[in-house]
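Numbering (this note's numbering), first residue to last: 20 to 126. We put the beta carbon where it would ideally sit given N, CA and C, even for glycine. The structure displayed is predicted, hence computed values, not measured ones.
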Amino acid sequence: MTEPQRRFTISVPPDVGQILESQGNRMASAYVTESVRRRRRVEQHKELLLAAGIHVTEQGVAEARARRLGVEAEWPSERFEAERAKIRAAMEAEMNGDDAAPRADAA
Numbered sequence: 020m021t022e023p024q025r026r027f028t029i030s031v032p033p034d035v036g037q038i039l040e041s042q043g044n045r046m047a048s049a050y051v052t053e054s055v056r057r058r059r060r061v062e063q064h065k066e067l068l069l070a071a072g073i074h075v076t077e078q079g080v081a082e083a084r085a086r087r088l089g090v091e092a093e094w095p096s097e098r099f100e101a102e103r104a105k106i107r108a109a110m111e112a113e114m115n116g117d118d119a120a121p122r123a124d125a126a
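This is the structure:
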């Protein structure tokens, strides 16, 4: 049995309103739902990192982004996409509870 849906009336800035309007009446709720769920997953990930003693800072994020962009610029696009696919597959396997899946950091 699914829980009954709740209805909210919210105010949003014009740019967000345009995005929601572009989704149509039926899809705007799905768009907001997915956005909130993604945001919550990010928050939960940050909480896990903090619990493990990893402190994420804006400076650290900027430095990591700069390193990633440097690698992207140096690697051929095929190599980068192959690595991205391996990481994505490992993350999906982990989220699905597949302990036998290859690790993203495996050679």
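{"Check": "R26: buried (16+ other C-beta within 10 angstroms of its C-beta) or exposed?", "Outcome": "exposed"}
{"Check": "DSSP three-state call for E93: helix, strand or coil?", "Outcome": "helix"}
{"Check": "Do E91 and A99 come within 9 Å of each other at the CB atom, strictly closer than that value?", "Outcome": "A quick correction: the sequence has Phe, not Ala, at residue 99. Yes, the Cβ-Cβ distance between F99 and E91 is below 9 Å."}
{"Check": "Among T28, R59, K65 and Q63, which one has its Cα closest to the Cα of S48?", "Outcome": "T28"}
{"Check": "Please report the straight-line C-alpha distance between R45 and G36, rounded to a whole angstrom.", "Outcome": "15 Å"}
{"Check": "If Q63 and Y50 are in contact, beta carbons under 8 Å, what's the gap, nearest whole angstrom?", "Outcome": "Not a contact, Cβ separation roughly 21 Å."}
{"Check": "Does DSSP put I106 in a helix, in a strand, or in coil?", "Outcome": "helix"}
{"Check": "Does DSSP classify R60 as helix, strand or coil?", "Outcome": "helix"}
{"Check": "Give the straight-line distance between the Cα atoms of L69 and P32, rounded to the nearest whole angstrom.", "Outcome": "32 Å"}
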